[in-house]
Amino acid sequence: MRFAKNATLAAAALAALSTTALAQSAATATTDLNIRSGPGPEYPIVGYIPGEDEVTVNGCLQGSKWCTVTHEGTQGWAYSDYLTAPISGSPVVMTDHYADAGVPVTTYEPSGAETGGTAGGATGMVGGAVAGALIGGPVGAAAGAAIGGAAGTVGGSAAGAIIDPPETVTTYVQTNPVQPVYLDGEVVVGAGVPETVTLTPIPDYDYEYAYVNGQPVLVEPGSHRIVYVVR
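Under mature numbering (1 follows the signal peptide of the UniProt record, and there is no 0), the residues of the sequence shown are numbered -23 to -1, 1 to 208, in order.
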């Protein structure tokens, strides 16, 4: 998804933030998790963290679910609902537990490289505003579980793809883009898409698709849950 092209945006974004301390904290991704160039679903994707991989958390925005992270040399922002840190011997979802995890508060100001071609600070964003919220995804649990986003002690395995679509399907989805919708939260397997989001059928295939937060996803029509993220 043009990770290399967007890497310069991530570098510029990180240069524009400041932290109250230089402390860092290790965390684990509970599912395949995007790394974005800025703290929001509207910012370009510059990489991703495979589920169960460890990542360094450099700082988190106060009152927000976005944290600046480093994973295998890629720096950017990740959604804290899908990051866990060991607290008192147990893995705990980082959201609302930044201080307990030893993560400093950070601030963010968009750089000129980002604000120069964006709408409301959001690259490619329709109307410059987030349209709605994703239903709770697999926070520290198996993919497909209908779990809310509340932070707390978690268990279970990391979430992965529910299905393994043939290449013809992923190629069709990528070569037939549809109008994107931007939702609060992050695109992960198991997250629910609101009923108001229009799904597009795929010829001779059980699942349908949509472009959510700039990324194509396969969705189960009945439950409106994401079963595969096309990368």
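Ideal Cβ positions, reconstructed from N, Cα and C, are used throughout, including at glycine.
Here the structure is a predicted model, which means the values were calculated and not measured.
Measure the C-alpha to C-alpha separation of Q1 and E163 and round it to an integer number of angstroms.
If I take the Cα positions, the gap works out to 23 Å.
Would the stretch 42 to 49 count as touching the stretch 21 to 30 if we require 3 or more Cβ pairs under 8 Å?
Output reads yes: the stretch 21 to 30 touches the stretch 42 to 49.
Straight-line gap, T61 to V82 (C-alpha atoms, nearest Å):
Here the C-alpha atom of T61 lies approximately 17 Å from the C-alpha atom of V82.
Report the start-end ranges of each beta strand (DSSP E) in the stretch 18 to 78 that is 3 residues or longer and not cut off at the edges.
Secondary structure in the stretch 18 to 78: the beta strand (DSSP E) runs of 3 residues or longer, each lying completely within the stretch, are 22 to 26, 31 to 38, 43 to 48, 51 to 56, 60 to 64 and 67 to 70 in chain order.
Whole angstroms are fine: how far does the CA of I12 sit from the CA of L(-2)?
Because the pLDDT at L(-2) is just 46, under 50, the model does not fix this residue reliably, and the value given afterwards should be weighed accordingly. Going by the C-alpha atoms only, they are around 20 Å apart.
Endpoints, the beta strand (DSSP E) within which Q192 is located
Per DSSP, Q192 is one residue of the beta strand (DSSP E) stretching across Q192 to E197.
Can you pull the DSSP bridge partners for R13?
R13 has I22 and W54 as its beta-bridge partners, per DSSP.
Per DSSP, the bridge partner or partners of R208:
The partner list for R208 (beta bridge, DSSP) is empty, contrary to what the question assumes.
Counting C-beta neighbours from all protein chains within 10 Å, is the total for residue 209 16 or more, i.e. buried, or is it exposed?
For residue 209 there is no data in the structure shown, the boundaries of the chain being -23 and 208.
State buried or exposed for N35, treating a residue as buried only when at least 16 other CB atoms are found within 10 Å of its CB.
Around the beta-carbon of N35, 16 or more other beta-carbon atoms lie within 10 Å, marking it buried.
For I179 versus Y205, is the C-beta distance shorter than 8 Å?
No, these two residues do not count as a Cβ contact at 8 Å.
Just confirm the distance between the C-beta atoms of V155 and A187, as a whole number of angstroms; I'd bet it's less than 8 Å.
Between V155 and A187, the beta carbon gap of about 7 Å places them in contact (Cβ cut-off 8 Å).
In terms of residues, what are the limits of the beta strand (DSSP E) holding E185?
First-last of the beta strand (DSSP E) with E185: E185 to V189.
Give me the Cα-Cα distance between T84 and G40, rounded to the nearest whole angstrom.
Counting only the Cα atoms, G40 lies some 11 Å from T84.
Taking the alpha carbon of N153 as the point to measure from, which residue in E185, E172 and P171 has its own alpha carbon closest?
Ranking E185, E172 and P171 by Cα distance to N153 puts E185 first.
Quick check on A127: buried or exposed, where buried means 16 or more other Cβ atoms within 10 Å of its Cβ?
Because A127 sits at a pLDDT of 33, beneath the cut-off of 50, its placement in the model cannot be relied upon, and the following sentence gives the value as read from the coordinates. The residue in question, A127, is exposed, as its Cβ has fewer than 16 Cβ neighbours within 10 Å.
On the DSSP letters alone, give me the boundaries of the beta strand (DSSP E) that T148 sits inside.
Unbroken run through T148 is the alpha helix (DSSP H), E144 to T152; no beta strand (DSSP E).
Would you kindly work out how many angstroms separate the C-alpha atoms of T45 and V23, rounded to a whole number?
For T45 and V23, the distance between alpha carbons rounds to 13 Å.
Confirm, please, whether the CB-CB distance from V166 to I203 is below 8 Å.
Cβ atoms of I203 and V166: closer than 8 Å.
When DSSP labels each residue in this structure, what does D161 get in the three-state scheme?
If DSSP states are grouped into helix, strand and coil, D161 belongs with the strands.
Would you give the residue range spanned by the beta strand (DSSP E) that V82 belongs to?
Residues V82 to T84.
Should T145 be labelled buried (16 or more other beta-carbon atoms within 10 Å of its own) or exposed?
Counting the other Cβ atoms within 10 Å of the Cβ of T145 gives fewer than 16, which makes it exposed.
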